[in-house]
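Protein chains in written order, with this note's numbering: chain L, 61 to 175; chain P, 3 to 201.
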Amino acid sequence: MADDIDMEKPVEKSTVSNDCVVKSEKMFSLKRWNAVAMWSWDVECEICAICRVQVMDACLRCQAENRNDKEQEECVVIWGECNHSFHNCCMKLWVKQNNRCPLCQQEWSVQRIGK
Amino acid sequence: MANIAVQRIKRELKEVLNSDEVARCSIHVELVGESFAELKGEIAGPPDTPYEGARFQLEIKIPETYPFNPPKVRFVTKIWHPNVSSVTGAICLDILKHQWAAAMTLRTVLLSLQALLASPEPDDPQDAVVARQCKDKPQIFQLTAQHWANAYAGGPSVNPDYENKIRRLKDLGVTEMNARASLSSCDWDLERATEQIFS
C-alpha cells in the first residue's frame, strides 16, 4: 500500500527581512508513504468456544474431514441472542443435549446465521 | 477417539502449560500414554485451607464425545472432603455433571476443583460421613482433613494425638488405612472406632 507522491507545492523555507519575503530552498518533499490498518472480525468472541478454532475459519470437524474449500465455506457462524458466536456445526451438536449458550448459560436462541 | 476431542485436548494441554497457574505450580496436567483418552492431573491444596501444602493427583478420562460431554474426573490421592468419596475418590461437582458446558476446559475444571477444596458443600455431599462431620463438628473436620492431607498428599501438618490412636489400632492388627478411615468416621473416638472395626 505504498504510493509515491510528488508534492505539487513543496514546502519552502521563507525568511522575512525588511517587509519583504525572500523564498529560499525547500525544506522537504514527501516521497512515499505507507498506510497501516488494523482489523478484526466483527464478533464479540473471535474463537469458537466449542472447538477452539477461529469462528471465521472452518471448525475442527470440517477441517478434519478434509472437505474441499467450497464445503468448508458452508461451515458458517451462528450468533445467539446473547451475542456469543460459534460454528453452526459445533452448535448443532451442542444443542442436541443442552439448549443453553456454552459461554453464558442463557437459554439459546438464534439471532442470525452466516459469515 | 473422535478427532475433535483429540484436537481440543491438544489445544487445552497447551493452554494449561502456558497458564499462570502452572507457573505458580498450582495445577498441572499430562498425558497418560498417547491416546489422549486419559490424562493425569495434579492440583495444589489452596492456601488457608486444611489442604494447604498438599498436592492431589487426579485421574481424568476423556469421553469420545468430548467436549459435548464432561471429562470423568476422580481423586487418586485420598482426601477427606464432603464432596469427594473418601473411599473411591469420586467427585460431586455440578460442572462435571449437568452443569457442564462445551466452553469449559481442563484448566477450568482443575481450577474449579481447587475452588471446591476451598469451599466445601456439605449440603450436596458425595461422602455423607464427611459431610455430617463438616456440619456438626467443623473443628474435628478441619483437623481430620489436615491429617489426611499430611498422610496421603504430603501436607505439612502432623497431629501426634491422631498418630498415636492409629498406632494403637495397628497394634491390634488393623491396617493403617483402615484405622485412619475408622477413626476419622468416628470423630477420633478410639472406643467407637475399635467397636466399629471388630463388630
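Even glycine gets a Cβ: it sits at the ideal position worked out from N, Cα and C.
Check, Outcome
"Cβ distance (whole Å) where Ile-29 (chain P) is taken to contact Val-18 (chain P) below 8 Å", "7 Å"
"According to DSSP, residues forming a beta bridge with Ile-207 (chain P)", "Residue 207 (chain P) is absent from the structure shown; chain P starts at 3 and stops at 201."
"Where the segment 126 to 145 of chain P meets chain L: residues whose CB sits under 8 Å from a CB there", "none"
"Cβ-based neighbour list, Leu-33 (chain P), same chain, cut-off 7 Å, excluding 5 preceding and 5 following", "Leu-41"
"Rounded separation between Cys-119 (chain L) and Val-137 (chain L) - CA only", "10 Å"
"Neighbour-count burial assignment, Ile-168 (chain P), 16 or more Cβ in a 10 Å radius", "buried"
"Gln-157 (chain L) in three-state terms, based on DSSP", "coil"
"Pairwise C-alpha distance: Met-98 (chain L) and Lys-152 (chain L)", "33 Å"
"Exposure label - Ile-64 (chain P); buried when at least 16 CB within 10 Å", "buried"
"Contact belief for Pro-73 (chain P) with Val-111 (chain P) at Cβ below 8 Å, rounded distance in angstroms", "7 Å"
"Extent of the continuous beta strand (DSSP E) to which Glu-61 (chain P) belongs", "57 to 63"
"Amino acids of chain P, ordered along the chain, whose beta-carbon sits closer than 7 Å to that of Gln-114 (chain L)", "None at all; the shortest Cβ gap to chain P is about 12 Å."
"Beta-carbon contacts of Ala-147 (chain P) that lie in its chain and below 6 Å, excluding the five residues immediately before and after", "Pro-52 and Trp-82"
"is_contact[Met-179 (chain P), chain L] using C-beta, thresh 9 Å", "no"
"Neighbour list for Phe-70 (chain P) in chain L, Cβ cutoff strictly below 7 Å", "Leu-153, Trp-154 and Gln-157"
"Distance between Asn-158 (chain L) and Asn-161 (chain P) (C-alpha atoms, nearest Å)", "47 Å"
"7 Å CB neighbourhood of Leu-119 (chain P) in its chain, flanking five on each side removed", "Gly-47, Pro-48, Thr-51, Tyr-53 and His-83"
"Where Ala-151 (chain P) meets chain L, residues with beta-carbon distance less than 8 Å", "Chain L residues near Ala-151 (chain P): none, gap ~33 Å exceeds 8 Å."
"Delimiting residues of the alpha helix (DSSP H) encompassing His-149 (chain P)", "140 to 155"
"Under 8 Å from the C-beta of Arg-13 (chain P): neighbouring residues of chain L", "Arg-112"
"Where Pro-140 (chain P) falls, given that 16 or more other Cβ within 10 Å makes a residue buried", "exposed"
"Cβ neighbours of Arg-182 (chain P) in the same chain (closer than 7 Å, five flanking residues each side left out)", "Ala-153 and Ile-168"
"Spatial distance of Asn-85 (chain P) from Val-96 (chain L) (CA atoms)", "55 Å"
"Buried or exposed by the 16-neighbour rule on C-beta atoms within 10 Å, applied to Ser-169 (chain L)", "exposed"
"Limits of the unbroken beta strand (DSSP E) element including Phe-146 (chain L)", "145 to 147"
"Contact list for Arg-208 (chain P) against chain L, beta-carbon separation under 8 Å", "Look at the range of chain P in this structure, 3 to 201, and you will see that residue 208 (chain P) is not part of it."
"Amino acids of chain P, ordered along the chain, whose beta-carbon sits closer than 8 Å to that of Leu-163 (chain L)", "Ala-103 and Ala-105"
"Contact check, Ile-11 (chain P) vs Leu-108 (chain P), beta carbons under 9 Å", "yes"
"Closest residue to Ala-105 (chain P) among L:Met-87, L:Phe-88 and L:Ile-110 (Cα-Cα distance)", "L:Ile-110"
"First through last residue of the alpha helix (DSSP H) which encompasses Arg-170 (chain P)", "162 to 172"
"Straight-line Cα distance separating Phe-146 (chain L) from Gln-123 (chain L)", "15 Å"
"Residue nearest to Glu-187 (chain P) in terms of C-alpha spacing, selected from P:Lys-16, P:Cys-136, P:Ala-25 and P:Cys-94", "Correcting the residue identity first, residue 187 (chain P) is Ser in this sequence and not Glu. Closest by alpha carbon: P:Cys-136."
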